[in-house]
Amino acid sequence: MESSTPNRIRNFLIAIVAITLSVAVALGLKTQTTGVSLNAMSAEAVPLEVALTNGNPTLMEFYANWCTSCQAMAPELKSLKDSYGDRINFVMLNVDNEKWLPEILSYRVDGIPHFVYLNDKGTAIAQAIGEQPRTIIEENLVALSSGSDLPHAQSIGQTSAFSSPVGTKPSDPRGHGSQVVEKS
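Here UniProt numbering is used: the first residue of the sequence shown is 1, the next is one more, and so on.
(1) Phe-62: buried (16+ other C-beta within 10 angstroms of its C-beta) or exposed?
(2) Straight-line CA distance for Asn-39 to Thr-20?
(3) Could you tell me which residues DSSP pairs with Asn-89 in its beta bridges?
(4) Just to confirm, are Val-91 and Leu-59 a CB contact at a threshold of 9 Å?
(5) I think Pro-113 touches Ser-69, with their Cβ atoms under 8 Å apart; what is that distance to the nearest whole Å?
(6) Where residue 188 and Ala-51 are concerned, what is the direct C-alpha to C-alpha distance, given to the nearest angstrom?
(7) Can you give me the start and stop residues for the alpha helix (DSSP H) that Tyr-107 sits inside?
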């Protein structure tokens with residue numbers, strides 16, 4: 001009977017440690033989420049048809065909900081939309097939606113996030129692929145809104161792989177590469 005008391009104490013301590021670790025992991029995962037939903041941002045975005053005809057310049061983003069780079073950039077893009085949304089269209093096109101296949105092919109989307117900067121006439125003037133620092137995007141948005149040349153049209157960042165056509169998923173969505181295409 002004497003040996004059961006140390007076992008009970010040991011089991012109790014193991015249970016306390018397991019509970020503590022579970023709570024720590026749960027809180028750690030909760031703090032890593034951005035709190036900004038790509039679906040909510042997409043629902044609030046300017047429809048492409050409107051953006052191409054309303055006379056405002058546009059930042060168009062090709063994204064996917066599974067894209068870790070897209071998720072990482074969501075809070076910054078939401079903040080930029082809040083600051084510049086009155087003079088620049090923010091358009092979001094989900095690459096998993098076959099509706100956008102013509103645009104995916106037209107802009108040669110092969111990594112996401114993929115950004116296309118359109119002037120006030122709806123003409124693509126530059127593209128950037130991959131995670132971009134807020135300062136880079138913001139400086140481009142300021143130039144875009146004033147009709148100036150984009151200072152960071154050659155920016156490169158981390159991407160999540162994407163292969164067209166839309167119906168296929170990449171074998172490794174966490175695979176990363178980078179590419180920038182500038183149009184003159």
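Don't be surprised by glycine CBs; every beta carbon is placed ideally from N, CA and C.
Per the coordinate set shown:
(1) buried
(2) 33 Å
(3) Thr-58
(4) yes
(5) 6 Å
(6) The requested residue 188 does not occur in the structure, where the chain is confined to residues 1 to 184.
(7) Taken as a continuous stretch (DSSP letters only), Tyr-107 belongs to no alpha helix (DSSP H), as it is neither H nor E.
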